[in-house]
Each structure stands twice: as C-alpha cells, then as structure tokens.
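Right, one structure below, let's go through it.
In our numbering, the protein residues as written are 6 to 366.
Now the structure itself:
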C-alpha cells in the first residue's frame with residue numbers, strides 16, 4: 006500500500022512541472038514545430054493546387070524573381086497561425102486574459118492578411134485589399150486590444166508609456182494610450198509585412214524578437230525578477246512567454262519549407278499576424294520602445310518605403326533603387342542569400358541592444 010502511495014505521490018509531483026512557465030514554453034515550441042512539420046506538406050500541396058499560378062510576382066521587382074519565385078504558392082501564414090494557435094491553446098493558462106488578447110489580434114490580423122492574399126491570387130495582381138480599409142480595420146482591432154489590456158493592467162501603469170534605460174520613468178497617456186497602443190500594433194503588423202519580401206527574410210527576425218519578448222514577458226511578470234532588475238512589474242504577462250514559444254516553434258517549422266528556394270511564401274496572412282502579435286505583446290509588457298529597438302530591422306524597412314514615397318512625390322526622384330530596402334541591395338548586386346543572412350545578423354545585434362535595456366537602468 007505504501008508502495009502504491011509512493012508511486013501516486015511521484016506521479017502527482019511529475020505533473021507539477023506543468024505549473025512552470027519555462028516548461029510550458031518549451032512544450033509550446035516543440036508542439037508548434039511538430040504541428041507544422043506534420044501538416045505543412047499537405048497544406049503546401051493543397052495551396053499549390055488551389056492557387057495554380059501561385060503568388061503574383063511584381064513585374065517592377067528584381068528580374069530574377071520572375072524566374073525563381075514564379076508559381077510558388079502563398080498563404081503559408083496559415084501553417085504558422087494554425088501551429089501557433091493550437092500550441093498556445095494546449096500549453097497556456099486559458100484563464101489568463103493577456104493570452105486571449107494576443108490571440109484576438111493575431112487571428113484578426115491573420116484574417117485581414119488572408120483576405121488580402123486571396124484577392125491577389127484571384128486577380129493575379131500584387132494589389133489586394135484597399136490600403137485605407139485595411140488600415141482602418143487593423144486600427145479598430147488594435148484599439149480594442151489596447152482597451153482590453155488597460156482593463157487587465159493595474160494602475161498607475163495600465164495606460165502609461167514606460168521608457169527603457171531609465172529607472173521608473175513613465176508617462177501616463179490616459180485615453181491617448183488606446184490610440185498609441187493601437188498604432189504600435191498596427192505598425193508592427195505592417196512593418197513585418199513590408200519586410201517579408203525574400204525567402205526567410207522576415208521569419209527569422211520575427212523569431213528573434215519573439216525569443217526576446219518571451220524573456221521580457223517572463224521577467225516583467227515575475228515579482229522577484231522585476232524587482233531585482235528594476236523593471237515595472239506587470240502581473241500576468243509571464244504567461245505570454247508561452248505564446249512567444251508557440252510563435253517560435255511555428256516559425257521554425259515554417260522556415261523548413263520557406264528556406265531558399267521557398268516551397269511556400271508566408272504572405273500577408275502570416276506577416277500581418279506575426280507583427281500584430283509582437284506589437285500586442287510589447288504593449289502588454291510595457292516595452293513598446295524596446296520593440297522598436299529589437300525590431301529595428303522592421304523599422305528600417307518601413308522607413309525606407311516612407312522615404313522613397315515621400316521623395317518621389319516631392320522631388321520626382323527616388324532615394325533607393327527600389328523599396329523596401331532589401332530590394333535596393335539586390336539591385337546593387339547582392340545575392341538574395343547575402344541580403345537575407347546579413348539582415349539576420351542585423352536583427353541579432355539589435356536584439357542584443359534591446360535586451361541590454363533590461364539591465365542598464
């Protein structure tokens with residue numbers, strides 16, 4: 006009898022590991038990875054069958070793309086979304102409101118991207134969903150998410166902007182926080198979308214950012230670590246580490262099929278959803294400015310487009326040979342792999358700079 010009681014006690018003790026966020030984050034990574042590995046090939050085959058000619062390739066883009074990328078199916082973000090959502094629902098604490106807010110934005114932005122990809126394939130044009138309409142819907146989703154985050158947060162920082170590298174420096178934005186946070190989420194989604202132009206270019210920096218925010222969410226959601234590092238404690242956000250783990254695992258699985266030459270493109274379905282998720286996590290953890298540092302590559306891509314458009318409209322001249330900036334370097338003679346790997350290096354360096362804000366106070 007004592008033997009069986011001992012076995013029962015060991016079994017109960019073994020199940021205690023599921024209480025640890027670190028264990029569940031690792032579980033989320035592995036689950037999402039294997040989910041994409043298992044269902045990815047079938048999804049690629051189905052999308053190739055349904056789409057026929059695949060994603061339309063810009064005629065004004067690098068000439069080599071018309072040869073190497075033509076016929077490749079898009080909407081690969083469905084692989085990432087399904088794997089990440091399934092893993093999140095399996096491993097996270099579903100009583101945590103932050104998890105549901107991030108899922109709301111991720112699925113909402115993914116749906117917008119899916120419709121955009123659908124229109125592009127249907128019309129065989131790189132022009133999809135109307136820009137203003139898309140931005141308006143994204144803004145509404147972002148504002149709703151920020152309102153929910155403000156309700157989940159605790160005063161005085163529920164509607165505040167916190168500054169990195171400076172202890173305790175915060176600015177209470179009041180109702181303007183909803184507009185600011187919504188802009189951060191919307192900007193993150195579209196900046197990742199602009200970066201997604203070469204095989205593997207966007208997904209690795211996304212995973213790097215997700216890994217950074219898995220650590221940030223864990224630290225700011227812990228009383229002990231936040232006190233030691235002089236961070237502002239945000240109760241409940243540690244659970245977002247599991248969500249970040251699911252994004253990393255799904256991203257790794259997708260990269261297997263997206264590595265050059267890509268079998269499938271992420272499309273707006275994935276890029277908008279992933280960027281929106283990162284933006285929401287940054288707003289939830291009060292690290293919006295740090296996101297701009299860690300995701301500096303996405304910022305660079307976005308700024309290059311803004312500068313190019315503004316310069317052409319004002320002066321009739323272009324600053325870059327082509328925007329976003331990764332195409333500029335292709336026109337300068339860099340191979341696709343050179344652009345991708347060098348941009349990955351930049352994202353790693355920026356991630357280290359962003360993480361340094363956790364200790365430098």
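Glycine residues also receive a C-beta, built at the ideal position from the N, C-alpha and C atoms. On a predicted model such as this, the values are computed, not experimentally measured, just so you know.
> When burial is assigned at 16 or more other CB atoms within 10 Å of the CB, is residue 343 buried or exposed?
Replying inline: Exposed, because fewer than 16 other Cβ atoms sit within 10 Å of the Cβ of residue 343.
> Over what stretch of residues does the alpha helix (DSSP H) that includes residue 317 continue unbroken?
Replying inline: From DSSP, the alpha helix (DSSP H) with residue 317 extends over 301–320.
>> Taking the straight line between their C-alpha atoms, what separation do you get for residue 38 and residue 320?
In response: Each residue's Cα considered, the two are about 48 Å apart.
> Going by DSSP, what residues sit across from residue 183 in a beta bridge?
Replying inline: DSSP lists no partner for residue 183.
>> Here's a check: name, in chain order, each residue in its chain whose Cβ is nearer than 6 Å to the Cβ of residue 168, leaving out the five neighbours to either side.
In response: Correct list, in chain order: 174.
> Since residue 284 contacts residue 33 with CB under 8 Å, what's their CB separation in whole angstroms?
Replying inline: Here residue 284 is actually not in contact with residue 33; their C-beta atoms are around 20 Å apart, not less than 8 Å.
>> Please give the ranges of any alpha helix (DSSP H) in the region 260–306, keeping only runs that are unbroken, at least 4 residues long and fully inside the region.
In response: Within the region 260–306, the complete alpha helix (DSSP H) runs of at least 4 residues are 272–289 and 293–299.
>> Please state the DSSP three-state secondary structure of residue 328.
In response: Reduced to three states, the DSSP call for residue 328 is coil.
> What are the start and end residues of the alpha helix (DSSP H) that includes residue 33?
Replying inline: Counting along the chain, residue 33 sits inside the alpha helix (DSSP H) bounded by residues 26–56.
>> Let's test the definition: count the other Cβ atoms within 10 Å of the Cβ of residue 76 and tell me whether it reaches 16, buried, or not, exposed.
In response: In this structure residue 76 is exposed. Its beta-carbon is surrounded by fewer than 16 other beta-carbon atoms within 10 angstroms.
> What three-state label does DSSP hand residue 101 in the structure shown?
Replying inline: Collapsing the DSSP output to three states places residue 101 in coil.
>> Just to check my reading of the structure: residue 295 and residue 362 have Cβ atoms closer than 8 Å, yes? What is that Cβ distance to the nearest angstrom?
In response: Contact between residue 295 and residue 362 holds, with the beta-carbon distance rounding to 6 Å and staying under 8 Å.
> Going by the beta-carbon positions, is the gap between residue 185 and residue 178 smaller than 7 Å?
Replying inline: Yes, Cβ-Cβ distance for residue 185 and residue 178 is below 7 Å.
> Would you call the CB atoms of residue 313 and residue 303 closer than 7 Å?
Replying inline: No, these two residues do not count as a Cβ contact at 7 Å.
> Counting along the chain, where does the beta strand (DSSP E) carrying residue 236 start and finish?
Replying inline: First-last for residue 236: undefined, no H or E at that position.
> How about residue 4 and residue 30: do their beta carbons lie closer than 7 Å?
Replying inline: Only positions 6 to 366 of the chain appear in this structure, which leaves residue 4 out of reach.
> Using a Cβ-Cβ cut-off of 8 Å (strictly less than) and excluding sequence neighbours within five positions of residue 315, which residues of its own chain qualify?
Replying inline: Same-chain partners within the cutoff: there are none.
> Roughly how many angstroms separate the alpha carbons of residue 134 and residue 157, rounded to a whole number?
Replying inline: Approximately 33 Å between the Cα atoms of the pair.
> To the nearest angstrom, how far is it from the Cα of residue 231 to the Cα of residue 214?
Replying inline: Approximately 20 Å, taken between the alpha carbons.
> Around the Cβ of residue 96, are there at least 16 other Cβ atoms within 10 angstroms (buried) or fewer (exposed)?
Replying inline: With 16 or more other Cβ atoms within 10 Å, it is buried.
> If you follow the alpha helix (DSSP H) that residue 218 is part of, which residue opens it and which one closes it?
Replying inline: It spans 208–225 - the alpha helix (DSSP H) in which residue 218 sits, taken as one unbroken run.
> For the region 223–243 against the region 260–269, are there 3 or more C-beta pairs whose distance is under 8 Å?
Replying inline: No: fewer than three Cβ pairs fall under 8 Å.
> Helix, strand or coil for residue 334 per DSSP?
Replying inline: Three-state result, residue 334: helix.
> Could you give the C-beta distance for residue 253 and residue 212, rounded to a whole number, given that I count them as a contact under 8 Å?
Replying inline: Confirmed, Cβ separation roughly 5 Å.
> Looking at the structure shown, is residue 168 part of a helix, part of a strand, or coil, going by DSSP?
Replying inline: Three-state result, residue 168: coil.
> Distance, Cα to Cα, residue 160 vs residue 82?
Replying inline: When only Cα atoms are considered, residue 160 and residue 82 end up about 37 Å apart.
>> Contact defined as beta carbons within less than 8 Å: I believe residue 242 pairs with residue 226. What is the distance between those atoms, to the nearest angstrom?
In response: Indeed they touch by this definition, with Cβ atoms about 4 Å apart.
>> Less than 7 Å between the beta carbons of residue 290 and residue 239, yes or no?
In response: Yes, these two residues count as a Cβ contact at 7 Å.
> Quick one, are the C-beta atoms of residue 293 and residue 197 less than 7 Å apart?
Replying inline: With respect to residue 197, residue 293 sits apart: the two C-beta atoms are not nearer than 7 Å.
> Under 7 Å between C-beta atoms, does residue 51 make it to chain C?
Replying inline: Going by chain labels, chain C is absent from the structure shown, which holds only one protein chain.
>> Just to confirm my understanding: we take residue 49, look at its own chain, exclude 5 residues before and 5 after, and list those with CB closer than 6 Å. What are they?
In response: Excluding positions up to five away in sequence, the list reads 268 and 269.
> For residue 338, which residues from the same chain have a beta carbon less than 8 Å from its beta carbon, with the 5 sequence-adjacent residues on both sides left out?
Replying inline: Nothing listed; no residue qualifies.
>> For residue 138, count the other beta carbons within 10 Å of its own beta carbon; 16 or more makes it buried, fewer makes it exposed. Which is it?
In response: Answer is exposed; the Cβ neighbour count stays below 16.
> Would residue 286 be called buried (16 or more neighbouring beta carbons within 10 Å of its own) or exposed?
Replying inline: Residue environment for residue 286: buried (at least 16 other C-beta atoms within 10 angstroms of its C-beta).
> Measuring CB to CB, does residue 307 end up less than 7 Å from residue 118?
Replying inline: Against a cut-off of 7 Å, the Cβ pair of residue 118 and residue 307 comes out as no contact.
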